[in-house]
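**Student:** Each residue of the sequence shown is one higher than the last, beginning at 273 in our numbering.
Positions of the beta carbon are idealized from the N, C-alpha and C atoms, including for glycine.
Every value quoted in this text rests on a predicted model; they were computed, and no experiment measured them.
Please see the structure below; I have some questions.
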Amino acid sequence: MNLHFTKMQGAGNDFIVINGIDQPFQLTADQIQTLAHRQFGIGFDQLLLVQTSKVADFKYRIFNADGTEVAQCGNGARCFVRFVVDQKLSSKHEISVETASGIITPKLENNGLVTVNMGAPRLSPSEVPFIADTAANSYSLEVANQQIIISAVSMGNPHAVQIVDDVETTPVVALGSQIEVHPRFPERVNAGFMQIIDEHHIKLRVFERGSGETLACGTGACAAVVAGIQLGRLQSPVKVSAHGGELHITWQGGNSAVMMTGPAVTVFTGSIEI
């Protein structure tokens, strides 16, 4: 099978995007892992699949580098709308996209950035999902024989966000890999490490479930800002500085939607034999 793809990145979070409308797509988890390998394959954090939808303009499926399918990816959503516009699959600059966690509406702005309505955050433990007796803004979690304080937030996928003094000296990989598989998160979890610069600016690193640490995480940025606002430490809007670039997040609290704005860039196109 000759698979055509487009390599894209959003703030350093990189993807291959597959047009599943014009070519058949059936890959196993092992094949996705091979494609994701940065020495023996193309290399990416997630694979994004464009499909037709009966309830929206398009359907959007997301596969992590380990081959598992997930429900949401914020940086991927921005690349998704850039892809369908550049490939002339749609003449609209604001599209509705069906995901496993609901419909989102990414919009390609005139300045080339993309804004995505990520929907309202889910904070109750059962919706994250997270095992806890009652809902709270923060929880104590035992990791590596120590107690850490996290906030549990779902942005269509689960996040455990903790505030740290310095993201550069925090052992993100060592801690993140343990938080990812913590038994209180039955579907595993993305582990976010947030350093607060001021009430409108944070630094963030995220260890993503199924992919490891990435240069940026869109849903992770949204979850971190929601957590910080819930704790009274942040105020909207918030600039999120990741290793791969900057994202801008707004949230008015409650059931209002989280809005995310950031870059979406095509790196190259190609094809590969599978």
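Sort I367, R333, T300, Y332 by Cα distance to G339 and report the nearest one.
**Tutor:** In the sequence shown, counting from the first residue as 1, residue 339 sits at position 67. Comparing Cα-Cα distances from G339 to each of I367, R333, T300, Y332, the minimum goes to T300.
**Student:** Rounded to whole angstroms, what is the Cα-Cα separation between V512 and R505?
**Tutor:** Here the question's residue 512 lines up with position 240 in the sequence shown. Here the question's residue 505 lines up with position 233 in the sequence shown. So the two alpha carbons sit approximately 14 Å from each other.
**Student:** Less than 8 Å between the CB atoms is what I'm expecting for L447 and A463, so what's the real figure, rounded?
**Tutor:** To locate residue 447, count along the sequence shown from 1; it is residue 175. To locate residue 463, count along the sequence shown from 1; it is residue 191. Going by Cβ atoms, the distance from L447 to A463 rounds to 7 Å, so yes, they are a contact pair.
**Student:** Measuring CA to CA, which of Q298, G348, D470, G484 is closest to V537?
**Tutor:** If you number the sequence shown from 1, residue 537 lands on position 265. Nearest of Q298, G348, D470, G484 to V537, Cα basis: G348.
**Student:** Please return the same chain residues whose Cβ sits closer than 6 Å to the Cβ of Q507, not counting the five positions on each side in sequence.
**Tutor:** Residue numbering aside, residue 507 sits at position 235 when the sequence shown is read from its first letter. Contacts found: E471.
**Student:** Please report the distance separating the alpha-carbon of H454 from that of L307.
**Tutor:** For the purposes of this step, residue 454 is identified with residue 182 of the sequence shown, where counting begins at 1. For the purposes of this step, residue 307 is identified with residue 35 of the sequence shown, where counting begins at 1. The straight-line gap from Cα to Cα measures roughly 28 Å.
**Student:** In whole angstroms, give me the CA-to-CA distance for H276 and V510.
**Tutor:** Taking the first residue of the sequence shown as position 1, residue 276 is located at position 4. Taking the first residue of the sequence shown as position 1, residue 510 is located at position 238. Rounded to the nearest angstrom, the two C-alpha atoms are 37 Å apart.
**Student:** Are the Cβ atoms of R333 and G292 separated by less than 9 Å?
**Tutor:** By 1-based counting over the sequence shown, the position of residue 333 is 61. By 1-based counting over the sequence shown, the position of residue 292 is 20. Yes. Within cutoff.
**Student:** Give the range of the beta strand (DSSP E) segment to which E370 is assigned.
**Tutor:** Start at 1 with the first residue of the sequence shown, and residue 370 comes out as number 98. Taken as a continuous stretch (DSSP letters only), the beta strand (DSSP E) holding E370 covers 369-371.
**Student:** Identify, in the order they occur along the chain, each residue of the same chain with its Cβ nearer than 7 Å to the Cβ of Q524, setting aside the five sequence neighbours on each side.
**Tutor:** By 1-based counting over the sequence shown, the position of residue 524 is 252. Counting only Cβ-Cβ distances below 7 Å, and skipping sequence neighbours, we find S508.
**Student:** Inspect the beta-carbon positions of R350 and G282 and report whether they are closer than 9 Å.
**Tutor:** Counted from its first residue, the sequence shown places residue 350 at position 78. Counted from its first residue, the sequence shown places residue 282 at position 10. In contact: R350 and G282 (Cβ atoms closer than 9 Å).
**Student:** Report the rounded CA-to-CA distance for I435 versus G534, giving the unit in angstroms.
**Tutor:** For this step, residue 435 is matched to residue 163 along the sequence shown. For this step, residue 534 is matched to residue 262 along the sequence shown. Between I435 and G534, the C-alpha separation is close to 23 Å.
**Student:** If we ignore side chains and look at the alpha-carbon of each, how far apart do Q305 and P296 end up?
**Tutor:** As a working note, residue 305 is residue 33 in the sequence shown. As a working note, residue 296 is residue 24 in the sequence shown. Going from the Cα of Q305 to the Cα of P296 covers about 19 Å.
**Student:** Can V342 and Q318 be called in contact, C-beta distance under 9 Å?
**Tutor:** Position 70 of the sequence shown, counting from 1, holds the residue named residue 342. Position 46 of the sequence shown, counting from 1, holds the residue named residue 318. Cβ distance < 9 Å, so V342 and Q318 count as in contact.
**Student:** Decide if S398 is buried, meaning its Cβ has at least 16 other Cβ atoms within 10 Å, or exposed.
**Tutor:** On the sequence shown, residue 398 is found 126 positions in, with the first residue counted as 1. Exposed, since its Cβ has fewer than 16 Cβ neighbours within 10 Å.
**Student:** Would you call the CB atoms of F352 and L385 closer than 9 Å?
**Tutor:** Here the question's residue 352 lines up with position 80 in the sequence shown. Here the question's residue 385 lines up with position 113 in the sequence shown. Not a contact, by the Cβ cut-off of 9 Å.
**Student:** DSSP on E545, reduced to helix/strand/coil?
**Tutor:** Position 273 of the sequence shown, counted from the first residue, corresponds to residue 545. E545: strand per DSSP, three-state reduction.
**Student:** Expressed to the nearest angstrom, what Euclidean distance is found between the alpha-carbon atoms of I546 and V322?
**Tutor:** Working through the sequence shown from its first residue, we reach residue 546 at position 274. Working through the sequence shown from its first residue, we reach residue 322 at position 50. For I546 and V322, the distance between alpha carbons rounds to 19 Å.
**Student:** For chain B, find out if any of its Cβ atoms is closer than 9 Å to the Cβ of F352; answer yes or no.
**Tutor:** The structure shown contains no chain B, having only a single protein chain.
**Student:** Output the distance between the C-alpha atoms of Q467 and A404, rounded to the nearest integer angstrom.
**Tutor:** As a working mapping, residue 467 is identified with position 195 in the sequence shown. As a working mapping, residue 404 is identified with position 132 in the sequence shown. Rounded to the nearest angstrom, the two C-alpha atoms are 25 Å apart.
**Student:** Please list the terminal residues of the continuous alpha helix (DSSP H) segment that includes N347.
**Tutor:** Here residue 347 is taken as the residue at index 75 of the sequence shown, counted from 1. Run containing N347: 346-358, per the alpha helix (DSSP H) assignment.
**Student:** For A496, tell me which candidate among F402, F330, P430 has the shortest Cα-Cα distance.
**Tutor:** The count along the sequence shown starts at 1 and reaches residue 496 at position 224. When each option's Cα is compared against that of A496, the closest is P430.
**Student:** Going by C-alpha to C-alpha distance, which of M427, L487, V425, A529 sits closest to F316?
**Tutor:** Residue mapping note: residue 316 aligns to position 44 of the sequence shown, counting from 1. Ranking the options by Cα distance to F316, first place goes to L487.
**Student:** In this structure, what does DSSP give as the bridge partners for D286?
**Tutor:** Within the sequence shown, residue 286 is the residue found at index 14, counting from 1. Paired residues: Q281.
**Student:** Give the straight-line distance between the Cα atoms of V461 and S410, rounded to the nearest whole angstrom.
**Tutor:** Mapped onto the sequence shown, residue 461 falls at position 189. Mapped onto the sequence shown, residue 410 falls at position 138. Rounded to whole angstroms, V461 to S410 spans 16 Å at the Cα level.
**Student:** How far does the beta strand (DSSP E) with T486 in it extend, from its first residue to its last?
**Tutor:** Along the sequence shown, read from residue 1 onward, the residue named residue 486 stands at position 214. Per DSSP, T486 belongs to the beta strand (DSSP E) from 484-486.
**Student:** Measuring only the C-alpha atoms, how far is M532 from A493?
**Tutor:** Translated into positions along the sequence shown, residue 532 becomes position 260. Translated into positions along the sequence shown, residue 493 becomes position 221. Computed Cα separation, rounded: 9 Å.
**Student:** Taking only three categories from DSSP, how would you classify T442?
**Tutor:** Translated into the one-based positions of the sequence shown, residue 442 becomes position 170. T442: coil per DSSP, three-state reduction.
**Student:** Just confirm the distance between the C-beta atoms of F465 and V444, as a whole number of angstroms; I'd bet it's less than 8 Å.
**Tutor:** On the sequence shown, position 193 is the one that residue 465 refers to. On the sequence shown, position 172 is the one that residue 444 refers to. At roughly 5 Å, the Cβ-Cβ gap stays under 8 Å, so F465 and V444 are in contact.
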